[in-house]
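**Q**
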Amino acid sequence: MPSTRRQLVTDIVLQGTATEVAEAPSRAKVLRRLRLGDALFRIITRTAAIIVLMLLGGVIVALVSGSLPAFRAYGLDFLTAEVWNPVTEKFGALAPVYGTLVTSLIAMLIAVPVGLMVAFFLTELCPMWLRRPIGIAIELLAGIPSIIYGIWGLFVFAPFLQQTLQPLLIGLFGNIPILSSIFAGPPYGIGILTASLILAIMVLPFITSISRDVFDAVPPVLKEAAYGVGCTTWEVFRSVVLPYTRVGVIGGVMLGLGRALGETMAVTFVIGNAHKISASILHPGTTISASIANEFTEAVGDLYTSSLIALGLILFFITFVVLAIARYMLMRIERRIG
Amino acid sequence: MAIAARTNKLYAGRRRRNNLMMGLACAATLFGLGWLVLILGVLVWEGFSGLSLQVFTEMTPPPGAAGGLLNPIIGSLMLTALAVAIGTPIGVLAGTYMAEYGRHDRLTSVVRFINDILLSAPSIVVGLFVYEVMVAPMGHFSGWAGAVALAVIVIPVVVRTTEDMLLLVPNALREAAAALGLPRAYIVRRIAYRAARAGIVTGILLAIARISGETAPLLFTALNNQFWSTNLNAPMASLPAVIFQFALSPYADWQKLAWTGALIITVTVLALSIIARALTAPRKTT
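Chains as they are written, first to last, in my numbering: chain A, 1 to 338; chain B, 1001 to 1286.
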């Protein structure tokens, strides 16, 4: 058995002082072998760390080289053109980029306040014995695979919205000038709004769990001092906890935004995959990830494939920037809390 | 009197505001938990009725016929096992370097930053990456490409937990071992790994939970397969890909199978994350 042999090797070294002088050469040999193994192990682990670096480099190189044909054919017009026509091989990224940004924006508008309020509840109001169960439940929500959200959104949530929320919105804002075009009918069920709402549900647990962690890290002395001068619970949260943890909260929100931007399956099911920009958020649209997921395997011709990879590059660039900011913010608050 | 009345009014306003916000916080929590109940409820309702022995013993059917999910289940198991086999050693070793050798290195801080980005990078981009480096040169979709794509997702999860867990091992343990004259590699493997074992296993379990529901990176690497196949050089079926295909189809029995598959995946993922949590739960005995 190798493990007993290895133990023996160490035993020899450990008992080294007790061994006879005659065994000195063998002891030196064993020591050299150990030192060699030591250096080797260090090199192996270092290589593994470098492989992680190369993964990111590989992703960037692969995406750039894959998208070259598209950028060579369309130039920077690719970014500003709305057309998406596989038959004439004219492609532009504007509609998917618009869809990605709009769905994520609406999702964050809903998820950030709700997520912060849930974290407020968990850290300040919730009775001790309930904290752990609710915390775990929220984290389970984060663990559900996105395809489950997708299938649920398609069969349950979209028809529900079609019958309730969407007609309500259309009726409510139908006569108000600008809002009437944002909420212009008919109620399709699927569309930008449905995708945004599902994204909001998916992002909520990320924002909650990170903000709960940073709220928990506020020194109790600060809060106690605020209570001492007569602040209400909400005032303590609003004027002490939130300002103190601002950087961390922004980091958590950016992390959630990174998720929302790149989310694929949940959106693909309910967005409708229409390559056009419409003013109404009730209309079908598309996002970068949904376009890739829907069309990549059916893409015929190099230019079509390359255009989709170029979309992937744009998505990667956007999420990279957002995630880098998020990590930077979270690193800053970690350093301050120590 | 007038001042007292005014402060009273001010105080009442502050209290009202406080109550309103506390009410809103409770409502937000109920709202968040409500979705969990709704989604799991529908999933159990729709998926359970389709659950039978047949699901685990028969192949995916053509539309209109009866069948099961045997080939995607086997495919998912194979892809997951392979991805873990590829990703875990790299992840654990990289985490080891960061926590044990290069704790204050520049390389470590760069790797930590990059790893955190990879951890939340869109998984569909990983699919495109593997398509470019494996599928396009080989000329066909394959199980291997799917496994590599999943491994790329496993690595950052394992790196992160391994590093965190090794950093939690008290330095006194390492120093005691070093004082005995043990070489560094021994200290890492026999002392640090042993002390951090539960945490590292948790990381691997979390990684499995993460990839068992991943669909996007499989769509254009492993693709899908209607038939029984364990050939890793050919397209391979997987549960998420089959759910995607069946749910978007117009056939009622395919949609039924998609729900059942979704239930299987969710139960697996939730069980894995609960086990992982139990492993690292703070022990009461100190």
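Glycine included, every Cβ here is placed at the ideal spot set by N, Cα and C.
Would you call the stretch 139 to 156 of chain A in contact with the stretch 267 to 283 of chain A, where contact means no fewer than 3 C-beta pairs closer than 8 Å?
**A** Result yes; three or more Cβ-Cβ pairs closer than 8 Å.
**Q** I'd like to know if G143/A contacts chain B, where contact means its C-beta is closer than 7 Å to some C-beta of that chain.
**A** Yes, G143/A lies at the interface with chain B (some Cβ there is under 7 Å from its Cβ).
**Q** Round the Cβ separation of V1133/B and G58/A to the nearest angstrom and send it over; I've been treating them as touching at under 8 Å.
**A** Right, the Cβ-Cβ distance comes to about 7 Å (below 8 Å), so this counts as a contact.
**Q** Where does the unbroken alpha helix (DSSP H) through L1036/B begin, and where does it stop?
**A** Unbroken alpha helix (DSSP H) run through L1036/B: A1002 to G1050.
**Q** Flag this pair as touching only if the stretch 1251 to 1270 of chain B and the stretch 1043 to 1053 of chain B have three or more C-beta atom pairs under 8 Å; answer yes or no.
**A** These segments touch.
**Q** Is the beta carbon of L116/A sitting closer than 7 Å to the one on S211/A?
**A** In this structure, S211/A lies closer than 7 Å to L116/A by Cβ.
**Q** If you count every other CB in all the chains shown that lies within 10 Å of the CB of G150/A, and 16 or more means buried, which is it?
**A** Flag for G150/A reads buried.
**Q** Let's test the definition: count the other Cβ atoms within 10 Å of the Cβ of M1138/B and tell me whether it reaches 16, buried, or not, exposed.
**A** It is exposed - the Cβ of M1138/B has fewer than 16 other Cβ atoms within 10 Å.
**Q** Taking just the CA atoms, how far does L55/A sit from V1152/B?
**A** Using only the alpha carbons, I get a separation of about 8 Å.
**Q** Within the stretch 1097 to 1155 of chain B, note down every full alpha helix (DSSP H) run reaching 4 residues or more, in order along the chain.
**A** With a minimum length of 4 residues, the continuous alpha helix (DSSP H) runs that stay inside the stretch 1097 to 1155 of chain B are 1106 to 1120 and 1123 to 1130.
**Q** By Cβ distance below 7 Å, which residues in the same chain neighbour L330/A in space, the five residues on each side in sequence not counted?
**A** The residues are G248 and G251.
**Q** For K276/A, which three-state DSSP category applies?
**A** Residue state, collapsed to three classes: coil.
**Q** Considering only the alpha carbon of each residue, which of L1206/B, I1003/B, R1015/B and A1005/B lies closest to C231/A?
**A** The option with the nearest alpha carbon to C231/A is R1015/B.
**Q** CA-CA distance, G1203/B and L222/A?
**A** Whole-angstrom Cα-Cα distance: 35 Å.
**Q** Against V1159/B, what residues of chain E qualify as contacts under a CB-to-CB distance less than 9 Å, listed in chain order?
**A** Looking at the structure shown, chain E is missing, and the protein chains on hand are A and B.
**Q** Among the residues of its own chain, which have a CB less than 7 Å from the CB of S1123/B, if the five just before and after it don't count?
**A** The residues are I1153, E1214, A1216 and P1217.
**Q** What does a CB cutoff of less than 7 Å around E295/A pick up in its chain, not counting 5 residues either side in sequence?
**A** Taken in chain order, the residues that qualify are L308.
**Q** Can you tell me whether DSSP reads N175/A as helix, strand or coil?
**A** If DSSP states are grouped into helix, strand and coil, N175/A belongs with coil.
**Q** Would DSSP call F1227/B helix, strand or coil?
**A** Three-state DSSP puts F1227/B in coil, outside helix and strand.
**Q** From the DSSP secondary-structure annotation, give me the bridge partner or partners of F91/A.
**A** Answer is W84/A.
**Q** Taking all protein chains shown into account, do 16 or more other C-beta atoms lie within 10 angstroms of the C-beta of G189/A, making it buried, or fewer, making it exposed?
**A** G189/A comes out buried.
**Q** What residues of chain A sit near F1227/B, judged by a beta carbon separation below 9 Å?
**A** Under the 9 Å cutoff, chain A gives no residues; its nearest Cβ is about 18 Å from F1227/B.
**Q** Would you say I207/A and A111/A are within 7 Å of each other, going by their C-beta atoms?
**A** For I207/A and A111/A, yes; Cβs fall inside 7 Å.
**Q** Does DSSP classify A1234/B as helix, strand or coil?
**A** Coil at A1234/B, not helix or strand.
**Q** Beta-carbon of F1246/B versus every beta-carbon of chain A: anything under 7 Å?
**A** No, F1246/B does not count as interfacial toward chain A.
**Q** Quick check on M329/A: does DSSP put it in helix, strand or coil?
**A** Residue state, collapsed to three classes: helix.
**Q** Mind listing the chain B neighbours of G312/A? Cutoff is C-beta to C-beta under 9 Å, in chain order.
**A** Within 9 Å Cβ-Cβ: P1122, I1124, V1125, G1127, L1128 and F1129.
**Q** Using alpha carbons as the reference points, say which of S209/A, V203/A and I288/A lies closest to Y98/A.
**A** It is I288/A whose Cα lies nearest to the Cα of Y98/A.
**Q** Could you tell me whether the stretch 1028 to 1042 of chain B touches the stretch 141 to 149 of chain A, using the rule of 3 or more Cβ pairs below 8 Å?
**A** Output reads yes: the stretch 141 to 149 of chain A touches the stretch 1028 to 1042 of chain B.
**Q** Whole angstroms is fine: what's the gap from E198/A's alpha carbon to E334/A's?
**A** The residue asked about is misnamed: residue 198/A is Ile in this sequence, not Glu. If I take the Cα positions, the gap works out to 31 Å.
**Q** Any contact between the stretch 1090 to 1100 of chain B and the stretch 28 to 45 of chain A? By contact I mean 3 or more CB pairs, one from each, below 8 Å.
**A** Yes, the stretch 1090 to 1100 of chain B touches the stretch 28 to 45 of chain A.
**Q** Please state whether DSSP places A1094/B in a helix, a strand or coil.
**A** Of the three classes helix, strand and coil, the one that applies to A1094/B here is helix, per DSSP.
**Q** Between the stretch 1205 to 1229 of chain B and chain A, which residues of the former have CB atoms less than 8 Å from a CB of the latter, in chain order?
**A** The residues in question are A1209, S1212, G1213, E1214, T1215, A1216, L1219, F1220 and L1223.
**Q** A1195/B to R1189/B, Cα distance in whole Å?
**A** Distance between the alpha carbons of A1195/B and R1189/B: 10 Å.
**Q** In angstroms, rounded to a whole number, what distance separates the CA positions of V52/A and I1155/B?
**A** Answer to the nearest angstrom: the Cα atoms are 8 Å apart.
**Q** Identify the contact partners of A37/A in chain B, using a Cβ-Cβ distance below 8 Å as the criterion.
**A** Reading the sequence as shown, one finds Gly at residue 37/A and not Ala. Under the 8 Å cutoff, chain B gives P1183 and A1185.
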